[in-house]
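Heads up, the thing below is written out as structure tokens.
There are 2 protein chains.
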Amino acid sequence: MIYTIKAVAEKTQLSIDTLRYYDKEGLLPFVSRNRSGYRAFTDGDLRLLKTITCLKNTGMKLREIRQYIAYVMQGPSSVPQRQAMLTAHRATILAEQQRVLANLKELDMKLDIYNSPQATELITVERAYAKAEKVANGLQDPYQ
Amino acid sequence: MIYTIKAVAEKTQLSIDTLRYYDKEGLLPFVSRNRSGYRAFTDGDLRLLKTITCLKNTGMKLREIRQYIAYVMQGPSSVPQRQAMLTAHRATILAEQQRVLANLKELDMKLDIYNSPQATELITVERAYAKAEKVANGLQDPYQ
DNA sequence: ATAAACCCTCGACCTAACTCCAGGGCAAGC
DNA sequence: GCTTGCCCTGGAGTTAGGTCGAGGGTTTAT
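From first to last, the protein sequence lines stand for chains A and B. Start counting the first sequence at 4; every next residue gets the next number (the numbering used here). Start counting the second sequence at 4; every next residue gets the next number (the numbering used here).
Structure representation (structure tokens):
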């Protein structure tokens, strides 16, 4: 099957403008044109596009994705490089997940305070302490 | 204790420019100035800054963080709003983690192929298929 | 009392990743 | 053969989140 850019936009959830932008940025060297100069996407192109969105959705920069696609265009000889890229990216993703989880834990502690029955009291005390710290140092009190 | 912007930058891993940028954007209404107009950070300010970086590290936009801080400045009366914001943000974080994990699973399938002993063969076949698809549709073959 | 190291503001500049628009070519239905 | 709806390019504009430099005041050590 051949798909127009509009059909691909619908299938991939990327906008037409984004697809053209990706092409301009060299992410879609595999997309051919028909006699009128229109982009003609094949099913194979859609599979590569799927890979691109996977990489993008996991936070890879367009510049790196372009490099990965360049390896793909190069053929089977670049398998080691692709393997290395994906393995490194995989580690980056997992590290980022851990970083987010650590921060989430901190936020959950804040939520515990807000959810506690003494929330108002705890907040009031903390605020009084922050005010006192300002006053003790001769600073203007931003809490009024 | 009172800290200069430089000391805070070192403690928080944010650059001095970023701290000033956050202040300009209204994220640091709690930071007071000394007689010379220099920012004077207290320990309480550092705790709030820690909250800000937690929110930022989990993907919250500066505009939302500003709103959260505005609630904090408002005092204990805004506890319900803060609770709502953090709870909603928590859900956003978890959803994003799931989204990333789903995409990671896809990438792992690609990696499985690259790691397989028949990697080169599999890639070669896939490429031949993609080429054939182009030719069959009278398109130029971008794989040479 | 002077040099070095800070601090301030303001405004320009930057990067990534789009998004939009103008101007113009093709395609499909009536 | 005309209208409507696609498609194209090039280039300008946008948003988020900084980053940098100029010009000028302050603090600290010698």
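Every residue gets a Cβ at the ideal spot worked out from N, C-alpha and C, and that includes glycine.
Interface annotation for the region 17-50 of chain A against chain B: Pro32, Phe33, Val34, Ser35, Arg36, Asn37, Arg38, Ala43, Thr45, Asp46, Gly47, Asp48, Arg50, criterion Cβ-Cβ distance under 9 Å.
Counting the other Cβ atoms within 10 Å of the Cβ of Ala10 (chain B) gives fewer than 16, which makes it exposed. Distance between Gly141 (chain A) and Arg36 (chain B), taken at the CA atoms: about 10 Å. CA-to-CA, the gap between Ile68 (chain A) and Glu28 (chain B) works out to about 33 Å.
For a cut-off of 8 Å, the C-beta gap from Arg130 (chain B) to Tyr117 (chain B) is around 14 Å, too long to register as a contact.
Asp111 (chain A) places its beta carbon less than 9 Å from that of Arg93 (chain B). As the crow flies, the alpha-carbon of Val103 (chain A) is around 13 Å from that of Thr61 (chain A). Residue pairing for Arg36 (chain B): DSSP places it in a beta bridge opposite B:Arg42. Within the region 82-115 of chain B, no complete alpha helix (DSSP H) segment of 4 residues or longer occurs. For Ile5 (chain B), there is no enclosing alpha helix (DSSP H), as DSSP marks it with neither H nor E. With the criterion set as a beta carbon lying under 8 Å from some beta carbon of chain B, the members of the region 106-119 of chain A are Asn106, Leu107, Glu109, Leu110, Asp111, Lys113, Leu114, Tyr117, Asn118, in sequence order. Membership of Thr21 (chain A) in the alpha helix (DSSP H) is indicated by the continuous run 19-27. Nearest in C-alpha terms to Leu17 (chain B), of all of B:Ile5, B:Gly47, B:Leu52, B:Tyr71, is B:Leu52. Taking a beta-carbon distance threshold of 9 Å, Ile68 (chain A) does not count as an interface residue toward chain B.
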